[in-house]
Amino acid sequence: MAAVFPIGWHRYQPVVDILFAAGRDFPRGRISEIAGSRSSGRTGVLHALLAASTGQGECAALVDTKDSFDACSAAAVGVELSKLVWIRCGGNAEHALRAADLLIQAGGFGVVALDLAEVPPAALNRIPATAWFRFRRAVESTPTILTVIADQPLAKSCSAMTVKLPPRRVVFAGQAPFLLLRDAG
Amino acid sequence: MFACIHGADAARLADSFSPFVEMVDEKTAVFTVTSHQIRQAESLPLPAAVAATAEAAILAARNLPGYTFIPPGQEARVLGALTIDTLPPDPELFETFELWGIRSLEDLARLPENDLAARLGERGLFLQRLARGALERPLRPLIPAARYEESAELDHPIKLREPLLFLIARFLHDLTARLKSQSLAAASLHLTLNGNQRRHSLPFPTRDVKLLLKLVEHSLERQPPEEPVAKVHLELIPTEPRRIQHGLFTPAAPEPEKLELTLGKIRGLVGEKNVGYPELFDTHRPGFARQTKERSSLAFRYFRPPLEARITSERLWTRMFQGKILQIAGPWRSSGDWWQGCVGENAQWNRDEYDLALSDGALYRIYLDRAPDKWFVEGVYD
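Top to bottom, those sequences are chains A and X. Just so you know, the first sequence maps onto residues 1 to 185 in our numbering. Just so you know, the second sequence maps onto residues 186 to 567 in our numbering.
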């Protein structure tokens, strides 16, 4: 049974601190999921997790199905880009799953992140449930955190932890044109 | 004993005496000779000299006509008649020697060492030892870099991958054994099949035949030869081997050999250009900048390529989503690289950026590309 940890966004608390706190709790040798809609903060949690891992000197890998990774914002929260293997799959979910499988088999990564966000539901529905069982089996004897980022939870019972991020109400503050974004719960 | 030949054909003549030849300049070759070879040197058609030190032989060959043999211990006497300007040029010291009335090497050789060192220092002593023919140094032969290559021309061209790999494995075993004998490792592998070269730069120096063979196998899987292979040429570029000191508290990392093979497989799957490490550039170009504008600490996701959009004062439409505009911030104008033209990866940019909150609850970054005057959604803050 997957545990669900909703993360709330607090108005004046630095966002990155919250994300780092979330990053430290991901179990090793298990599948964890980060699920949420656009602008829910799922990418922020992923960046924080990668920053925590690479900050400890580990190597991390990101399987970027939709080629959406932004190195600037990742580096801004402390991801060491030189320790991050970035694999772009051009929208092909099957290639992404195969690449993630190969990376887990290679071993030695602190985090393997499989980013399936924004992938069309039709492509996600084609992923057989056995794929997640195979991932769970492959990762369980390793110190690797396998993280799946998606719009909705995908791994179901194979996932040891699911971070569900609720939609946020975005708030602009300041005076135009120098408006700043502030999160609200 | 050292021998020196001075003349236009010095290198070729020196090669007939020894494989280890130091070329002092284009016309001067120095090498070691045995007692039997000393007699052969007498018949050389170019000015030549044999002496107990390399520098004495060089001075004699350059400045004395014909063949000169300097018996050990007689260097100062034989070289003494040479003028001071036969030594390596040092204008400052030569001026001093001129003032002191020193004209020949014999004059310089006679000066007391301690007093000369006190007045002219290390450089003065160096010239005096040269003048006495007493400066000893080892030979610095020019050894051509060894090439680690194997090739074969086949009577019956190979059509299948397995026999080709079998042949390449044999090459690799031989070449890595040669590298090992020289305490070297391969930095890159160049495989030429029927004249088409494919280069594999290795991420670390290695002599592991299995790893090299796997890399070649992945390469052949990704890009099979277009026609049966009749000519195979394999070259390993040598370098110093990798030396690693492991630590107890070093975080676990992928084994380099395994990682390279894994990335090789993934490259075969998603393409060569889609596997690597992200890197930021020192530029203001959106999406590449090392330091972005201080606008938000939120993470960002790109839509690659950007989504073309249609926008009014109230709504936004794209092929993926649409919604009512709730709030909008901007514009942030940016432009650059105008000298790069309008086409290509590094083409100029000129745009107005906005942050846009839509009714679907997401916050997007949109921009107006001012060159074609079109709206695009670049990505979403996430």
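Note that CB positions come from ideal geometry on N, CA and C, so glycine has one too. These numbers come from a predicted model, not from an experiment.
For a cut-off of 8 Å, the C-beta gap from Leu-244(X) to Leu-198(X) is around 19 Å, too long to register as a contact.
Within the DSSP bridge table, the entry for Val-148(A) names Glu-33(A), Leu-114(A) as partners. If you draw a 10 Å sphere on the C-beta of Phe-351(X), you find fewer than 16 other C-beta atoms in it, and that means exposed. DSSP, reduced to helix, strand and coil, places Phe-109(A) within a strand of the structure shown.
Contact check for Trp-86(A) against Ala-61(A) passes: the beta carbons are separated by less than 9 Å.
CA-to-CA, the gap between Val-63(A) and Lys-416(X) works out to about 39 Å.
Look at the region 374-431 of chain X and you find these whole runs of beta strand (DSSP E), each 3 residues long or longer: 381-391, 414-424. Contact check for Glu-33(A) and Val-111(A): beta-carbon distance about 13 Å, past the 8 Å limit, so the pair fails to qualify. For the region 68-93 of chain A, the residues whose beta carbon sits under 9 Å from a beta carbon of chain X are, in order, Ser-68, Phe-69, Asp-70, Ala-71, Cys-72, Ser-73, Ala-74, Ala-75, Ala-76, Val-77, Val-79, Leu-81, Ser-82, Lys-83, Leu-84, Val-85, Trp-86, Ile-87, Arg-88, Cys-89, Gly-90, Asn-92. By DSSP's assignment, Arg-470(X) forms no beta bridge with any residue.
By the Cβ neighbour-count rule, His-431(X) is exposed, with fewer than 16 other Cβ atoms within 10 Å of its own. Secondary structure note for Gly-286(X): it is in no beta strand (DSSP E), with a DSSP letter that is neither H nor E. Within the same chain, Arg-486, Ala-547, Tyr-549 come within 6 Å of Val-565(X) by CB-CB distance, once the 5 residues on both sides are set aside.
Using beta-carbon distances, Leu-46(A) counts as an interface residue toward chain X, with a partner under 9 Å. At a cut-off of 9 Å between C-beta atoms, Thr-43(A) counts as an interface residue with respect to chain X. For Glu-493(X), no Cβ of chain A is located within less than 9 Å of the residue's own Cβ. Pairing Thr-424(X) with Ala-484(X) gives a Cβ-Cβ distance that is not under 9 Å. Remark: C-beta atoms of Asp-101(A) and Arg-136(A) do not approach each other more closely than 9 Å. Close to Pro-143(A), with beta-carbon spacing below 7 Å, are these residues of chain X in chain order: Ala-437. By the C-beta density criterion, Cys-527(X) is exposed, having fewer than 16 other C-beta atoms within 10 angstroms. Taking a C-beta cut-off of 7 Å against chain X, the contacting residues of the region 51-68 of chain A are Gln-56, Gly-57, Glu-58, Cys-59, Asp-67, Ser-68, listed in chain order.
Listed along the chain, the chain X residues whose CB falls inside 7 Å of the CB of Ala-106(A) are Pro-439, Lys-443, Leu-444, Thr-447.
Annotation for Asp-537(X): the continuous beta strand (DSSP E) segment containing it runs 534-543.
The beta carbon of Ala-514(X) is closer than 7 Å to those of Tyr-539, Asp-540 in its chain, skipping five residues each way along the sequence. At a beta-carbon threshold of 7 Å, the residues of chain A lying near Ile-451(X) are Ile-87, Ala-99, Leu-102, ordered along the chain. Contact annotation for Asp-522(X) against chain A: no contact, minimum CB-CB distance about 17 Å [criterion: below 8 Å].
If you draw a straight line from the Cα of Gly-91(A) to the Cα of Ser-39(A), it comes to about 20 Å. In the three-state scheme derived from DSSP, where H, G and I count as helix and E and B as strand, Thr-435(X) is classed as coil.
Around Arg-317(X), the same chain offers Glu-260, Ala-261, Ala-294 as residues with beta carbons nearer than 7 Å, after the five sequence neighbours per side are excluded. Against chain A, the CB of Glu-464(X) has a partner CB under 9 Å away; the residue lies at that interface. Only residues of its own chain outside the window of five on either side were considered, and among them Ala-155, Cys-158 have a CB closer than 6 Å to the CB of Trp-132(A), listed in chain order. Ranked by Cα distance from Thr-217(X), the first of His-375(X), Asp-210(X), Ala-233(X) is Ala-233(X). At the C-beta level, Met-208(X) and Ala-196(X) come within 9 Å of one another. Segment contact: the region 394-403 of chain X against the region 446-454 of chain X, three or more CB-CB distances shorter than 8 Å; contact assigned. Fewer than three Cβ pairs drawn from the region 326-342 of chain X and the region 294-311 of chain X lie within less than 8 Å of each other, which leaves the two stretches out of contact. Cβ proximity to chain A below 8 Å picks out nothing from the region 289-316 of chain X.
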